[in-house]
Amino acid sequence: MAVAGASLLANRSASSAAELLMLEQPGCVWCKRFNEEIAPAYAKTDEGRRAPLRRVDITEDWPVDLEGIRPERLTPTFILLDKGVEIERMIGYPGNEFFWGLLDDMLSKLPAADTAAAD
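Letter by letter, the sequence shown follows residues 396 to 514 in the working numbering.
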């Protein structure tokens with residue numbers, strides 16, 4: 396089952412040039428807050444379509460397809476990837492008021508072809 400899950404994640408990564416990793420762990424209060432305030436709507440937003448959210452539990456083995464990405468101990472941490480390469484990271488969740496603006500700043504650093512494909 397784990398192999399099938401890893402294969403699914405690898406296929407998902409390959410099909411989407413950009414993705415937003417969310418590094419999380421059980422008991423993370425700020426992860427819970429993100430899950431309440433942002434997560435329900437994220438996939439329905441322009442930002443969510445440009446960089447789909449992929450969750451990574453830092454208490455589990457680091458995914459093989461993320462070998463070139465530096466793990467983080469602080470959660471949540473959001474890492475914007477483009478074709479598997481880190482573009483930028485946001486350490487912590489700044490709350491609903493600031494998250495979207497900071498995410499837009501991160502997304503503006505994606506190559507033009509990736510941002511145009513989402514439009």
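Cβ coordinates follow ideal geometry from the N, Cα and C atoms, glycine included.
Inclusion of LEU505 and ALA413 in the CB contact set at 8 Å is warranted, their separation being smaller than that value.
Under the 10 Å beta carbon count, ALA438 is surrounded by fewer than 16 other beta carbons and is classified as exposed.
Taken through DSSP and simplified to helix, strand or coil, ALA438 comes out as coil. Closest in C-alpha terms to ILE433, from the list PHE493, PRO466, ASP460 and LYS478, comes PHE493. The closest CA to that of ARG449, considering only GLY490, GLU431, GLY479 and ALA507, is found on GLY479.
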